[in-house]
Structures are given as structure tokens and as C-alpha cells.
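According to my numbering, the residues represented by the sequence shown are 3 to 96, in order. Where a beta carbon is used, it is the ideal one built from N, C-alpha and C, also for glycine. Note that the structure is predicted; figures quoted are calculated from it, not measured.
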Amino acid sequence: MVQLKDAVTAALRFVSDVFSEESPQNLRLEEVELAKGGHEWRVTVGFDRQVERRGPTAAVLQTLQGPQFERVYKVVRVDAGSGEPKAIVMRADA
């Protein structure tokens, strides 16, 4: 069985790789649990993603205020036997 720390490392790398084009910032572990039955780790990862401003004043706001970010939470399902990430899903309460 894959240990918690290894599951977290796999999840963080997976999220960083999958969302690399969005340049996620402040990538952090939020929570982790072993699913009932022990077949997978559910690792919640949070990161800041830049919000695209829209509208006629978008360029001015971007210049004056800089980029705007939102916190995003993803749950990575990591196979407890192999340590391989199997899925990324939205956190239900995010």
C-alpha cells in the first residue's frame, strides 16, 4: 500500500502537470483521506488561478490592479496500491 506522503507527492505533481498551461500558483495540500475500503487516497489540492478580466475596462483594470486570482480546489484520486493518480475532480463544496 502506498503511504500518505507518497500519495500527496503524486497528487501535487499530477495537478502541476495537468494544469501547467494555466501556471497554477501557491499549490498546496488542503486535505487528504483514505477512501472507505482503502482502495484510493483522496487528496485535495488548492491553487491560485488567474482570472481573465472581460469587458471594456479590462485592460485598464489589469494595468492598475494587476492580475486577479481565484482559489481553486481539486480532488485527486490516487490508487492506494500503485500510487498512480487516476482522476481529478472538482471538490463538491468548492
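| Asked | Found |
| --- | --- |
| Quick one: grab the DSSP three-state call for E54. | coil |
| Report the rounded CA-to-CA distance for G40 versus A82, giving the unit in angstroms. | 7 Å |
| Reducing DSSP to helix, strand and coil, say where V34 ends up. | strand |
| Closest by CA to M3, which one among L31, V17, A37, F21? | A37 |
| For K88, is the classification buried or exposed, using 16 other Cβ atoms within 10 angstroms of its Cβ as the cut-off for buried? | exposed |
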